[in-house]
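First residue of the first sequence? That's 0 in numbering that gives the first Met the number 0, and the numbers climb one at a time after it.
First the structure, in the form of structure tokens, and then the observations on it.
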Amino acid sequence: MPDPDSHAVPVTRFAPSPTGHLHVGGARTALFCWALARRLGGRFLLRVEDTDRKRSSEAAAGGILRDLAWLGIGWDDGPELEHQGETLGGDERGIGPYYQSQRADLYAKAFEALIEAGMAYPAFETEADLGAMRNAAVEAKQTFRYRQPEGYDLEASLERMRAGEEHVLRFRMPIDPVVVRDSILGDIEFTEEHTDDFVIRKRDGMPTYHLAVVVDDELMGVTHVVRGQEHLQNTPRHVALQHALGYRVPVYAHLPLIFNPDGSKMSKRDKDKAARAACKDRKLDGPPEGTVAPEAFAKWMKDKKSQLESGDLIALASALKLDLPEIDVEDFRRSGYLPETVCNYLALLGWNPGEKTEDGKDLERFDSAFLAEKFGLERVGKSASKFDRDKLRAFSQDTIGAMGPDVFEATWRAWLAEFEPAVLERVGDRFGVLARAVQPRAKTLRHALEPAAFALVDDDGYDFDAKAVKKALHKGDPSGLQVLMDLRPVIEGVVSFTAEGIESAINGFCEQREMGLGKAAQPLRVALTGSTVSPSLGETLASIGKDAALARIDRCLAQCVQGAEA
RNA sequence: GGCCCCGUCGUCUAGAGGCCUAGGACACCACCCUUUCACGGUGGCUACGCGGGUUCGAAUCCCGCCGGGGUCACCA
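Right, here's the structure in full:
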């Protein structure tokens with residue numbers, strides 16, 4: 000029996016079903032639950048709702064746990080996970096196990112109690128029967144609601160059940176209206192004519208979600224249920240069950256939904272959709288080499304609802320040089336967002352601290368510690384929000400820019416080691432310089448690859464942009480080409496080939512000739528990168544090293560002289 | 001379709017009857033800074049869905065309409 004005093008401690012919970020990856024909506028719910036527990040000085044628990052044995056997997060559960068840990072959302076009670084030398088979860092309060100599939104005996108007691116009280120009864124209709132009943136209702140332009148048939152013989156039915164006949168157990172939904180008190184939405188009344196006698200135990204003996212949630216929340220001492228608004232319709236059922244079982248009713252809070260920029264529901268299928276559109280755009284008849292099997296590809300292209308394996312999809316996107324929309328937490332990680340950025344942005348979707356910064360602006364940038372201190376249900380909004388990647392990227396660029404250079408270097412290195420290891424190998428011991436050059440220009444850890452691109456190609460592996468050549472090398476007097484020629488020995492002569500050393504050598508060169516730095520910088524940029532855009536000259540040169548710099552200048556000189564003469 | 005929820009700039013939002021000729025952020029545009037890019041700075045653009053009430057006064061309260069969304073499983 001539950002400890003009657005257990006509600007003295009606030010307890011929130013996140014209860015994912017392990018049928019896939021953790022997506023942003025779930026992450027935001029978890030973040031709010033976590034923050035509420037912290038703010039209230041209570042506990043945050045994690046429970047795995049794996050009563051659907053066909054769709055649940057241990058791997059998915061593990062992935063969700065790791066994603067939460069990566070975000071910095073640690074749980075007090077729940078499955079154990081080692082994360083950065085710390086153990087998350089555990090069963091300090093003795094309320095586990097935390098997998099619903101392992102809690103059958105607990106649900107069995109609830110079933111018995113309900114049957115005993117006449118609040119539950121077995122039903123023997125097959126799926127086909129129910130389908131027919133549903134169709135009949137549709138034809139009669141009515142909403143199908145299961146109710147105990149007239150003339151139902153409870154004793155006989157219980158007898159059949161005990162004899163082992165296949166059945167489901169249904170809850171006899173009371174006819175009184177149920178009022179759901181929601182901390183965000185207010186009181187909402189659900190009347191009897193829109194509820195039904197829902198299934199609480201499936202044919203396979205597993206409890207349904209409704210029964211399991213109610214039993215577990217009670218037994219685990221959950222005081223605050225914070226979840227997405229898609230669950231709102233379920234709540235009257237849960238409240239009715241709580242009444243029937245003599246349980247306490249927790250505080251409910253239903254969070255507004257998160258949508259795509261176009262207003263559609265954010266779904267894992269969006270990634271397939273984007274990839275499919277790209278394939279169509281490029282008029283591909285078959286999959287790019289080494290990505291997906293041709294048959295699988297053809298099938299996937301045809302069936303708009305089908306999804307590719309996560310790994311295949313990533314391979315395909317990378318072959319097409321396509322950025323998939325990020326939906327799952329791991330997508331954001333792969334795209335090079337920092338967990339603190341993701342949490343900060345997510346927290347602002349539906350909540351805000353209502354505080355101003357020193358210069359009178361709305362306070363938007365904060366860390367999870369701040370959230371844990373300030374979060375409350377009172378300031379959660381009611382309306383759905385659209386996920387704005389531009390704003391997320393702006394947040395990301397700012398957090399990256401604000402990191403100490405050494406921290407950024409280490410963070411970027413770790414990310415590259417996991418997702419783009421070839422880059423580290425190529426850059427070698429010049430990585431530190433490159434990191435410094437790229438940091439202020441990086442929107443995400445992956446995006447940092449763009450401003451770094453010049454250092455990641457072979458010395459003859461890039462083209463000289465025609466416009467840039469014309470503008471920076473062929474114009475002026477002396478021409479850029481001439482300046483470049485004169486600059487070559489200066490660069491060759493730099494002893495300490497660091498950003499500072501190079502910079503001062505070039506500055507000296509310009510001063511001596513009494514010309515603007517731009518006259519030297521732009522020709523050099525074109526020679527070294529093929530374009531007029533790069534980090535500061537010192538950083539650019541130091542990032543590739545002296546040998547490469549000279550080789551690139553020589554190639555440029557050789558290749559671009561012809562144009563000048565013509 | 002029934003039921004339920006929601007409705008302030010393009011987007012995220014501040015706003016709890018007068019402080020609102022509606023503030024901030026992102027995006028966008030212009031200018032400044034500058035060896036390019038990025039950063040930074042300055043300025044600009046753009047919103048209370050519509051119609052009725054209540055009130056001296058409404059973005060804020062009430063009603064209707066319209067619009068958007070959720071949900072109607074032996075999935076969670």
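C-beta atoms are modelled at their ideal positions from N, C-alpha and C, and glycine is treated no differently.
What residues are listed by DSSP as bridge partners for residue i?
i, result
"residue 350", "379"
"residue 206", "200"
"residue 121", "168"
"residue 44", "12, 76"
"residue 25", "Note: residue 25 sits in no beta bridge, so no partner."
"residue 39", "In DSSP, residue 39 forms no bridge with anything."
"residue 551", "Answer by DSSP bridge pairing: none, since residue 551 is not bridged."
"residue 98", "47"
"residue 6", "Note: residue 6 sits in no beta bridge, so no partner."
"residue 114", "DSSP, once it has assigned bridges, lists no residue as partnering residue 114."
"residue 82", "85"
"residue 185", "181"
Hey, how far is the Cα of residue i from the Cα of residue j?
i, j, result
"residue 214", "residue 105", "8 Å"
"residue 403", "residue 503", "25 Å"
"residue 443", "residue 556", "35 Å"
"residue 124", "residue 166", "7 Å"
"residue 305", "residue 282", "19 Å"
"residue 435", "residue 364", "24 Å"
"residue 82", "residue 68", "7 Å"
"residue 560", "residue 546", "21 Å"
"residue 15", "residue 50", "11 Å"
"residue 120", "residue 209", "16 Å"
"residue 415", "residue 37", "33 Å"
"residue 270", "residue 72", "25 Å"
"residue 452", "residue 427", "15 Å"
"residue 506", "residue 516", "7 Å"
"residue 11", "residue 418", "34 Å"
"residue 498", "residue 542", "8 Å"
"residue 103", "residue 203", "12 Å"
"residue 278", "residue 95", "48 Å"
"residue 548", "residue 323", "35 Å"
"residue 137", "residue 143", "7 Å"
"residue 597", "residue 299", "An answer regarding residue 597 cannot be provided, because it is not within the stretch 0 to 565 covered by the chain."
"residue 152", "residue 116", "16 Å"
"residue 412", "residue 423", "7 Å"
Between residue i and residue j, is the Cβ-Cβ spacing less than 8 Å?
i, j, result
"residue 59", "residue 18", "yes"
"residue 433", "residue 454", "yes"
"residue 254", "residue 185", "no"
"residue 211", "residue 118", "no"
"residue 342", "residue 113", "no"
"residue 70", "residue 79", "no"
"residue 178", "residue 234", "no"
"residue 206", "residue 189", "no"
"residue 6", "residue 327", "no"
"residue 27", "residue 183", "no"
"residue 23", "residue 374", "no"
"residue 536", "residue 551", "no"
"residue 9", "residue 41", "yes"
"residue 239", "residue 148", "no"
"residue 420", "residue 437", "no"
"residue 494", "residue 518", "no"
"residue 249", "residue 230", "no"
"residue 441", "residue 399", "yes"
"residue 110", "residue 75", "no"
"residue 171", "residue 198", "no"
"residue 45", "residue 97", "yes"
"residue 544", "residue 496", "yes"
"residue 252", "residue 376", "yes"
Count the C-beta pairs between the segment 524 to 533 and the segment 466 to 473 that are closer than 8 Å, then say yes if the count reaches three, no if not.
yes
4 or more residues per run - each alpha helix (DSSP H) lying fully within the segment 489 to 526
498 to 512
List in chain order: all unbroken beta strand (DSSP E) runs of 3+ residues lying wholly within the segment 275 to 351.
none
Using 8 Å as the cut-off, can you tell me whether the segment 387 to 397 makes contact with the segment 331 to 345, which would need three or more C-beta pairs spanning the two stretches below that distance?
yes
Looking at C-beta atoms only, is the number of pairs between the segment 276 to 294 and the segment 311 to 318 that lie closer than 8 Å three or more?
yes
Would you mind listing the beta strand (DSSP E) stretches within the segment 212 to 283 that are 3+ residues and don't spill past its ends, in chain order?
223 to 227, 250 to 254
Identify every run of the alpha helix (DSSP H) within the segment 350 to 431, keeping only runs that are complete inside it and at least 4 residues long; order them along the chain.
367 to 373, 388 to 401, 404 to 418, 420 to 426
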